[in-house]
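Notes for the one structure printed next.
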Amino acid sequence: MMTIENVTSLVRPNIVSLKPYSSARGEFLGDNKILLDANENPFEMWDMENINRYPDPLQMDVKQRIASIKGIKAEEIFIGNGSDEAVDLIMRCFCEPAIDRIAIFEPTYGMYSVCATVNNIGVEKFLLKDDFGIDADDFLSKVSNSVKVAFICNPNNPTGNIQRIDVIEKILSQFNGLVVVDEAYIDFCSDESVVKLINKYPNLIVIQTFSKAWGLAGARIGLAIANYQVISFLNKIKFPYNVGVPSLQLLRNALKNKSVPRKFIQQIVSEREKLKEKLMQLPFILKVYPSQTNFLLAKTKDAKRIHSYLLENNIVVRNRSHEPLCSNCIRITVGTPAENQILIETLKKLNL
Ligand code: PMP
Numbered sequence: 002m003m004t005i006e007n008v009t010s011l012v013r014p015n016i017v018s019l020k021p022y023s024s025a026r027g028e029f030l031g032d033n034k035i036l037l038d039a040n041e042n043p044f045e046m047w048d049m050e051n052i053n054r055y056p057d058p059l060q061m062d063v064k065q066r067i068a069s070i071k072g073i074k075a076e077e078i079f080i081g082n083g084s085d086e087a088v089d090l091i092m093r094c095f096c097e098p099a100i101d102r103i104a105i106f107e108p109t110y111g112m113y114s115v116c117a118t119v120n121n122i123g124v125e126k127f128l129l130k131d132d133f134g135i136d137a138d139d140f141l142s143k144v145s146n147s148v149k150v151a152f153i154c155n156p157n158n159p160t161g162n163i164q165r166i167d168v169i170e171k172i173l174s175q176f177n178g179l180v181v182v183d184e185a186y187i188d189f190c191s192d193e194s195v196v197k198l199i200n201k202y203p204n205l206i207v208i209q210t211f212s213k214a215w216g217l218a219g220a221r222i223g224l225a226i227a228n229y230q231v232i233s234f235l236n237k238i239k240f241p242y243n244v245g246v247p248s249l250q251l252l253r254n255a256l257k258n259k260s261v262p263r264k265f266i267q268q269i270v271s272e273r274e275k276l277k278e279k280l281m282q283l284p285f286i287l288k289v290y291p292s293q294t295n296f297l298l299a300k301t302k303d304a305k306r307i308h309s310y311l312l313e314n315n316i317v318v319r320n321r322s323h324e325p326l327c328s329n330c331i332r333i334t335v336g337t338p339a340e341n342q343i344l345i346e347t348l349k350k351l352n353l
């Protein structure tokens, strides 16, 4: 089991010694000030309050609101330009390019590998079991010392399943590195978030996003939640004003209306199950995997053909055939009832 000292000893030395950029606005916050510090335009020329001003670099008011909703502290939250920013910063914080590596459990979300490669960080790949569960013993016995961060996507994209909590905890307690649990789809799922475990495991970083259940993909807002010392390193290396004023305003409004996402989550989950039923009646759909997300993974007779047929009919789904364990699989995001109906009607016309 790692201590917070073990965890912070994994931070790259250049980042430990880094003197971060000190933004003008970071030094002085509050209302009714004469702000002549940040070389902004003093005139509010556009139809949005404060759009001529840089946002609070640490987004404190929003963090306090999120912290009270989640029962954690504001210092345990990092807000990023989408959760993809958190993924990138975690790698840059803990992995020495050309030396250290990350671990992933395939098939999974593609950005972990892409981000690692951009940063010249190696990727150690572990295969999920046939039921898409993680083999913790296999991982713990084989993982090399150079792996600093393991990424667990839960629920997993593109397979849609959740990992057992005892498997996640086994990795958290026995792996000598950081464990990122990416909960982008957690709001659609029956299991609880592992956020409550951040005090038990200092090597745990939970990633969440406002892009899915909260319907704010266009605003680009994601979270990393962890021990405050880990979060302080992410804050140290992020761009000073990484989340824009309009996005933060949208987030504030959304957080005041929590019942709205709740209602749409229910609708998406019930549409998902209806769509699954209908897909399974099609002769060329061999299997639709159980999903705890807002998408379905379906094994088909010919994924390439179905994918291009749908494209010709103006419907975009993802062909996941090139992913391990996903031959001839397509991934379909649950749409509106009308969109799902058009999808099914269109598929019914395909002879395969
Ligand atoms: N994690 C997972 C598992 C995802 O599927 C996605 C988006 N498809 C993200 C993270 C990134 O989300 P965002 O950057 O919009 O927060």
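Per my numbering: the sequence shown ends with 353, consecutive numbering throughout.
For glycine and all other residues, C-beta sits at the position ideal for the given N, C-alpha and C.
This one's a predicted model, so the numbers in the text were calculated from it and none came from an experiment.
Buried or exposed (CB count within 10 angstroms, at least 16 for buried), residue i
{"i": "M3", "result": "buried"}
{"i": "H323", "result": "exposed"}
{"i": "Y55", "result": "buried"}
{"i": "N158", "result": "buried"}
{"i": "V231", "result": "buried"}
{"i": "N295", "result": "buried"}
Residue i versus residue j - alpha carbon distance
{"i": "N51", "j": "N236", "result": "23 Å"}
{"i": "N82", "j": "L353", "result": "43 Å"}
{"i": "P385", "j": "I122", "result": "As displayed, the chain neither begins before 2 nor continues past 353, which places residue 385 out of reach and without an answer."}
{"i": "L128", "j": "V180", "result": "17 Å"}
{"i": "K259", "j": "A151", "result": "32 Å"}
{"i": "E278", "j": "F240", "result": "46 Å"}
{"i": "E86", "j": "L311", "result": "32 Å"}
{"i": "A299", "j": "D57", "result": "44 Å"}
{"i": "N155", "j": "M49", "result": "37 Å"}
{"i": "L36", "j": "Q60", "result": "18 Å"}
{"i": "V317", "j": "H308", "result": "8 Å"}
{"i": "P108", "j": "K171", "result": "21 Å"}
{"i": "A117", "j": "G216", "result": "27 Å"}
{"i": "E313", "j": "R273", "result": "24 Å"}
{"i": "M46", "j": "N254", "result": "23 Å"}
Inter-residue CB distance, residue i and residue j (contact presumed, cutoff 8 Å)
{"i": "L249", "j": "V17", "result": "That pair is no contact at about 29 Å."}
{"i": "L256", "j": "I103", "result": "The Cβ separation is near 31 Å, so there is no contact."}
{"i": "I238", "j": "R93", "result": "6 Å"}
Contact under 7 Å by Cβ, residue i with residue j
{"i": "D183", "j": "A214", "result": "no"}
{"i": "I135", "j": "V168", "result": "yes"}
{"i": "D101", "j": "K149", "result": "yes"}
{"i": "F234", "j": "V12", "result": "yes"}
{"i": "I78", "j": "I67", "result": "yes"}
{"i": "I5", "j": "N228", "result": "yes"}
{"i": "M281", "j": "V289", "result": "yes"}
{"i": "V8", "j": "N204", "result": "yes"}
{"i": "V246", "j": "I80", "result": "no"}
{"i": "N329", "j": "T301", "result": "yes"}
{"i": "A185", "j": "T160", "result": "no"}
{"i": "I163", "j": "Q293", "result": "yes"}
{"i": "L344", "j": "L283", "result": "no"}
Those residues which DSSP pairs with residue i across a bridge
{"i": "K126", "result": "I105"}
{"i": "K288", "result": "K300"}
{"i": "T210", "result": "G223"}
{"i": "N320", "result": "I331"}
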